[in-house]
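What follows is a set of notes on a single structure, which appears directly below.
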Amino acid sequence: MEQNKSLLIIGKVWPEPNSSAAGARMMQLIDLFQKLGYHITFASSAKESFFQFDLNQLNVSIQKIELNSVSFDDFISKLNPGVVVFDRFLSEEQFGWRVIEQCPNAFRILNTEDLHFLRRARKVSIKNRGDLSSVNLRTEDAVREISSIYRSDLTLLVSDFEQDLLCSEFNIPHSILFYLPLFAQKNTELKPSFEERDGFIFIGNYNHEPNLDALCFLKEVIWPKIKIKIPNVVLNVYGAYPSKKVLDFNKPDEYFIVHGRVENAMDVTLSSRVSLAPLRFGAGVKGKLIEAMIAGTPSVTTSIGVEGIAFKENWCGIATDNIDDFVSGAVSLYEDEKLWNKYHLRGFEIIEERFKAEIYFEGFEKRLIEIQNDIESHRKQYFIQQLVQHQTLMSNRFLSKWIEEKNK
-18 MEQNKSLLII GKVWPEPNSS AAGARMMQLI DLFQKLGYHI TFASSAKESF FQFDLNQLNV
42 SIQKIELNSV SFDDFISKLN PGVVVFDRFL SEEQFGWRVI EQCPNAFRIL NTEDLHFLRR
102 ARKVSIKNRG DLSSVNLRTE DAVREISSIY RSDLTLLVSD FEQDLLCSEF NIPHSILFYL
162 PLFAQKNTEL KPSFEERDGF IFIGNYNHEP NLDALCFLKE VIWPKIKIKI PNVVLNVYGA
222 YPSKKVLDFN KPDEYFIVHG RVENAMDVTL SSRVSLAPLR FGAGVKGKLI EAMIAGTPSV
282 TTSIGVEGIA FKENWCGIAT DNIDDFVSGA VSLYEDEKLW NKYHLRGFEI IEERFKAEIY
342 FEGFEKRLIE IQNDIESHRK QYFIQQLVQH QTLMSNRFLS KWIEEKNK
């Protein structure tokens, strides 16, 4: 059967690969789909950003779209894509029903980035209890996101932990999920040695709450303890969209230097001896830690940080949720060259074992072909999918129509 190779991506935002792991992930998906022969159109209702990638360089068509507007119906019916990728469940909520009405045979794929409901539930637990000992996953957020998963033909997950969670805790069929991690390639160039590097590094997009929380925790709790043990070592803080609060953390006299956005995160990670990522909540896979592995920079992080990448005991550095162990681990990694070299190499091993794109390419292509060649049979297998689609399609449709009329 000849496939419709027109693919539409509906982006929550325009991709910024130098600002976040989500932006880098989107660029990887675009590259992957192009290698599979798809002609891509990227559409978004978000405001354009100075830092967004120029997709025209990749021969990707660009389309600005409006929320709650019949103009989208005209656009997609003319485009008639064979595949539609929703960038996060909010995009599927907003545009999914219109896609179903105008292009009912289009193969609908949900790209999660992370499970939003898991991240938010963990945040509530940290704010209310100070730990993750009792996280309530049965929330309104979970209902919305899992409904979106059921309305989609296939859902992409960057974390195998999250894939297992959906199957074990929510009984979602494994066959409508696909584990496709954040890809990484071992850099074969010679890396700076232990002696050639100096300083700690923290990096993250500060529009992302887990990063902001981790930086605050680092500044207020962890860094003062590290500084007592190694007083003359610098912590360099980088990242996109720093708020005034983040910029005010800049204290050169405390060796806590806030630089803000950096053009090339790999360069500053390569020059750093140890990466610190005291993440207390979050979900998905942490791009900063993948990047540290590529750079050969050992890291000190938490169970949240290693989730979806490796087990704590096999980490390329120190993984602990205990504050004192985090501090002592950071100091040991910074001062012990033998220990540093061990974890420097371990990061490369993790990349080779789990994050090379070639590992997943063939299986992903096969799954796409299987579903797209017989989309109706695929959908008929899942009665719950039909039920959820019927109920939520109507509610999302009427809400959008009401807003559309109200805005006239």
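Residues -18 to 389, numbered by this note's numbering, are exactly what the sequence shown covers, in order.
Where is the CB? At the ideal position from N, CA and C, for every residue including glycine.
Residues in the same chain with beta-carbon distance under 7 Å from residue i, minus the five sequence neighbours each way, listed in chain order, please.
i: I11; result: I21, L39, V41
i: C297; result: M274, P279, S280, Y324, R327, G328, I331
i: L60; result: S(-13), L(-11), T22
i: L48; result: S26, Q75
i: D179; result: R254
i: L36; result: F23, I43
Quick one, which of the options has its alpha-carbon nearest residue i's?
i: S58; options: K45, L48, P85, F70; result: P85
i: I271; options: V287, L260, G263; result: V287
i: S1; options: L(-12), M247, S284; result: M247
i: K108; options: Q144, A195, T169; result: A195
i: R261; options: I304, N295, P223; result: I304
i: R125; options: F307, W321, L71; result: L71
i: I285; options: D302, R242, N217, N354; result: D302
i: V65; options: G(-8), W204, L118; result: G(-8)
i: P205; options: G241, F237, S156; result: F237
i: N92; options: F198, K167, N213, G77; result: G77
i: T169; options: I81, G277, N295, E(-3); result: G277
i: S394; options: P154, D141, N322, E73; result: In the structure as shown, the chain starts at -18 and stops at 389, and residue 394 therefore has no counterpart that could be examined.
i: S129; options: L161, L96, L146, S106; result: L96
i: F159; options: I365, V214, S358, L135; result: L135
i: R242; options: D234, S224, R132; result: S224
i: I340; options: Q83, E294, Q44, A165; result: A165
i: I90; options: A102, Q83, R100, E73; result: E73
i: V51; options: V239, E(-17), F181, Q83; result: Q83
i: A338; options: Q(-16), L99, E201, F14; result: F14
i: I184; options: L216, L137, E177; result: L216
Which residues does DSSP list as the beta-bridge partners of residue i?
i: K323; result: DSSP, once it has assigned bridges, lists no residue as partnering K323.
i: L(-12); result: I21, V64
i: F237; result: L216, K232
i: G298; result: S280
i: A258; result: T282
i: Y160; result: L138
i: F175; result: None, per the DSSP bridge assignment.
i: F88; result: V64
Is residue i helix, strand or coil by DSSP?
i: F98; result: helix
i: F342; result: helix
i: K232; result: strand
i: Q166; result: coil
i: Q44; result: strand
i: F56; result: helix
i: T93; result: coil
i: I184; result: strand
i: K269; result: helix
i: K28; result: coil
i: H359; result: helix
i: K293; result: helix
i: D317; result: coil
i: E201; result: helix
i: K226; result: helix
i: K206; result: helix
i: V369; result: helix
i: L113; result: coil
i: D35; result: coil
i: F70; result: helix
i: I153; result: coil
i: A221; result: coil
In chain order, what residues of the same chain lie with their CB nearer than 6 Å to the CB of residue i, ignoring the 5 residues before and after it?
i: G344; result: none
i: G18; result: K(-14)
i: I408; result: With the chain covering only -18 through 389, there is no way to say anything about residue 408.
i: R101; result: D122
i: F181; result: L216, V255, L257
i: F230; result: K200, V239
Can you list, in chain order, the residues of its chain with a C-beta nearer than 8 Å to that of residue i? Leave out the 5 residues immediately preceding and following it.
i: L163; result: A2, A5, R6, Q9, V139, V266, G268, I271, F336
i: E334; result: none
i: V312; result: I207, K210, I211
i: F307; result: I203, P259, V281, T283, I299, T301
i: I356; result: N86, F88, D134
i: R348; result: L135, F159
Whole-angstrom Cβ separation of residue i and residue j, contact assumed at under 8 Å?
i: Q353; j: F88; result: 5 Å
i: E(-3); j: F53; result: Rounded, the Cβ-Cβ distance is 23 Å, inconsistent with contact.
i: E150; j: L113; result: At roughly 15 Å, the Cβ-Cβ gap does not stay under 8 Å, so E150 and L113 are not in contact.
i: N245; j: G220; result: Not quite, the Cβ-Cβ distance comes to about 13 Å (not below 8 Å), so this is no contact.
i: Y315; j: P154; result: Going by Cβ atoms, the distance from Y315 to P154 rounds to 46 Å, so no, they are not a contact pair.
i: G111; j: Q(-16); result: Contact flag wrong, Cβ pair sits at about 52 Å.
i: V239; j: L228; result: 6 Å
If you measure from the CB of residue i, is any heavy atom of the ligand HEM nearer than 8 Å?
i: V65; result: Absence of the ligand HEM from the depicted structure is noted, as is the absence of any ligand whatsoever, leaving it without description.
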